[in-house]
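Written out below as structure tokens is the structure these notes cover.
There are 2 protein chains.
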Amino acid sequence: MKRPGHDGSDDEGQRAEHMPKRVDHEERRAQIAEALIRVAGRRGLHAVGMRDVAAEAGVSLRLVQYYFQTKEKLLFYGLQHLTDRFTARVGARLRDAGPEPGPRATVEALLLASLPTDEESRTFHLLYSSYSILSVTDEALAAQPFIDSPDAAENALTGLLERAQAEGLADPDADARTEAISLLAMTATMGTSILVGQRTPQSAVAVLDHHLDRVFRPGPRPPAA
Amino acid sequence: MKRPGHDGSDDEGQRAEHMPKRVDHEERRAQIAEALIRVAGRRGLHAVGMRDVAAEAGVSLRLVQYYFQTKEKLLFYGLQHLTDRFTARVGARLRDAGPEPGPRATVEALLLASLPTDEESRTFHLLYSSYSILSVTDEALAAQPFIDSPDAAENALTGLLERAQAEGLADPDADARTEAISLLAMTATMGTSILVGQRTPQSAVAVLDHHLDRVFRPGPRPPAA
DNA sequence: CTCTTCATGATACCGCCGTATCAACATCAT
DNA sequence: ATGATGTTGATACGGCGGTATCATGAAGAG
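Below, the structure is given as structure tokens:
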């Protein structure tokens with residue numbers, strides 16, 4: 001879709017004939033996508049244009065067209081890049097939690113990574129929300145695979161809670177999936193509240209901790225009646 | 226502020242001389258605002274133009290300009306109208322709950338009214354989310370008074386829960402405000418999940434009911450330890 | 001009736017934006 | 001050198017969208 005020869009993956013041995021390739025296409029695309037993310041994080045996804053992205057990336061408009069033929073493709077790639085970066089960020093947070101973190105520490109790392117506390121997470125939250133809202137009325141965007149990220153998070157969190165229950169660290173009477181859904185839902189909305197200045201990160205953490213205290217209480221409670 | 230006589234502000238006594246006015250300004254503005262809401266609900270707020278609104282309202286573009294000089298004013302008014310209509314809708318739901326509904330019925334009516342289950346609530350949820358996201362990067366929109374609607378809801382819900390506690394209908398050990406925040410936050414995110422087709426209204430109601438069951442349990446539990 | 005005021009409709013203007021095209025130049029492989 | 005590739009620049013076009021202008025219609029007051 002980009003070049004007469006190959007585009008970006010299977011050019012191992014065959015193309016060694018002649019081809020001066022000084023730059024990594026994927027790298028350039030990532031550069032431009034990050035420029036898109038930066039400018040969209042500042043001015044809003046709706047207000048970003050090809051020329052803005054080019055200027056932010058320090059390249060010519062022509063080059064943006066060269067690597068992404070259309071704006072739609074640029075937006076799709078930007079969304080993919082955004083989720084990739086966020087996934088990496090969550091992974092880093094988990095590693096920061098120690099070599100063998102307890103279930104609660106893991107869950108906390110997962111949830112807190114989603115709250116917009118610094119520039120990067122703020123931008124992520126804003127843009128991911130923007131894309132989600134757009135996907136409601138844009139079917140091309142809705143067909144994009146980013147939609148299932150929440151499902152993955154829900155399944156992961158459910159698994160963590162079930163494991164904690166099996167280890168006797170969490171309330172065995174709780175329904176793991178329901179609690180996972182609840183925690184993620186609260187985190188998402190409170191993230192937006194932080195974004196619009198309605199709530200502080202501290203208060204959001206307090207609410208989340210309250211529910212973690214409720215779920216992560218060891219031992220089987222005496223079953224009611 | 227919906228009188229045929231004056232429309233804005235400073236035309237109090239002087240102009241009472243002669244003035245043929247056949248239509249109610251405020252009524253026309255509401256009519257156009259609802260056209261805006263309809264078309265924005267279908268194609269997305271970002272895709273709405275003045276011409277679309279005019280066509281949807283069955284009037285000329287000039288008329289839209291006549292009542293709202295600028296698009297920004299139209300958007301602001303549309304937002305106001307949207308929240309007004311939603312408030313009325315919630316009120317109707319509360320009245321439907323019976324003449325003297327219990328606290329739990331009231332809370333349920335409040336929360337369920339926010340879930341996008343029919344066209345109207347779906348449109349409301351979509352547009353309110355769109356406005357919220359826009360307000361992050363548009364300070365003129367952020368200055369708009371619609372931001373405090375969530376605070377009002379939070380306070381109202383907190384009051385209801387406290388009343389239920391006082392009447393012995395809800396867990397007295399719970400923190401009313403924390404639970405109110407949690408319930409509203411879960412409702413909001415799950416509403417969006419319904420909007421994007423990720424979750425069914427039934428599953429959202431199930432999660433909410435689970436938490437209502439938790440909070441609305443009568444009598445003081447035997448305090449732990 | 002006529003004048004004033006409210007209200008409406010058609011059209012034009014202007015700028016931005018996505019996209020396309022053409023020309024040039026640098027660099028590296030052969 | 002030759003040629004393919006990466007990069008830039010300028011420029012243009014077609015459309016759309018918000019705003020502005022003009023002229024006209026409808027209705028009550030004198």
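Sequence lines, in order, name chains Z and S. For the record, in the first sequence the residue sitting at position 44 is 44 according to this note's numbering, with numbers rising by one throughout. For the record, in the second sequence the residue sitting at position 206 is 431 according to this note's numbering, with numbers rising by one throughout. Think of the CB as a built atom: it goes at the ideal place given N, C-alpha and C, for glycine as much as any other residue.
On the DSSP letters alone, give me the boundaries of the alpha helix (DSSP H) that residue i sits inside.
i: Z:Val90; result: 71–96
i: S:Ala399; result: S:Ala399 -> no alpha helix (DSSP H), and no H or E assigned at all.
i: Z:Ser203; result: 201–215
i: Z:Gly41; result: 25–43
i: Z:Val53; result: 50–57
Classify residue i as helix, strand or coil using the three-state DSSP reduction.
i: S:Pro245; result: A caution first: S:Pro245 carries a pLDDT of 48, below 50, which makes its placement in the model unreliable, though a value can still be read off. Correct three-state label for S:Pro245: coil.
i: S:Pro324; result: coil
i: S:Thr342; result: coil
i: Z:Gly168; result: coil
i: S:Asp363; result: coil
i: S:Gly384; result: helix
i: S:Gln369; result: coil
i: S:Val421; result: coil
i: S:Val332; result: helix
i: Z:Pro218; result: coil
i: Z:Ser129; result: helix
i: Z:Gly8; result: With a pLDDT of only 33 at Z:Gly8, under 50, the local geometry of the prediction cannot be trusted, and no value is derived from it.
i: Z:Phe124; result: helix
i: Z:Ala224; result: Caution applies to Z:Ala224, whose pLDDT of 46 falls short of 50 and renders its modelled position unreliable; the model cannot decide the point.
i: Z:Ser60; result: coil
i: Z:Thr189; result: helix
Is the beta carbon of residue i within less than 8 Å of some heavy atom of the ligand COA?
i: S:Arg267; result: Looking at this structure, you won't find the ligand COA or any other ligand, since it has none at all.
Pull out every residue of the region 266–282 of chain S whose Cβ sits closer than 8 Å to any Cβ of chain Z, in chain order.
-> Residues of the region 266–282 of chain S with a Cβ closer than 8 Å to any Cβ of chain Z, in chain order: Arg267, Arg268, Gly269, His271, Ala272.
Taking any Cβ of chain S, which residues in the region 127–146 of chain Z have a Cβ under 8 Å from it, in chain order?
-> Residues are counted here when their Cβ sits less than 8 Å from a Cβ of chain S; for the region 127–146 of chain Z these are Ser129, Ser130, Ser132, Ile133, Leu134, Ser135, Val136, Thr137, Asp138, Ala142, given in chain order.
Quick one, which residues of the region 419–432 of chain S are near chain Z if we go by CB-CB under 7 Å, in chain order?
-> Within the region 419–432 of chain S, the qualifying residues are Leu420, Val421, Gln423, Val432.
Taking a Cβ distance cut-off of 7 Å, strictly less, list which residues of the region 402–414 of chain S are near chain Z, in chain order.
-> With the criterion set as a beta carbon lying under 7 Å from some beta carbon of chain Z, the members of the region 402–414 of chain S are Thr403, Ile406, Ser407, Ala410, Met411, Ala413, Thr414, in sequence order.
What residues in the region 375–386 of chain S bring their beta carbon closer than 9 Å to a beta carbon of chain Z?
-> Here the close residues are Pro375, Asp376.
Pull out every residue of the region 285–316 of chain S whose Cβ sits closer than 9 Å to any Cβ of chain Z, in chain order.
-> If the cut-off is 9 Å between Cβ atoms, the region 285–316 of chain S has nothing near chain Z.
Residues of the region 95–119 of chain Z with a CB closer than 7 Å to any CB of chain S: list them in chain order, please.
-> Cβ contacts with chain S: none found.
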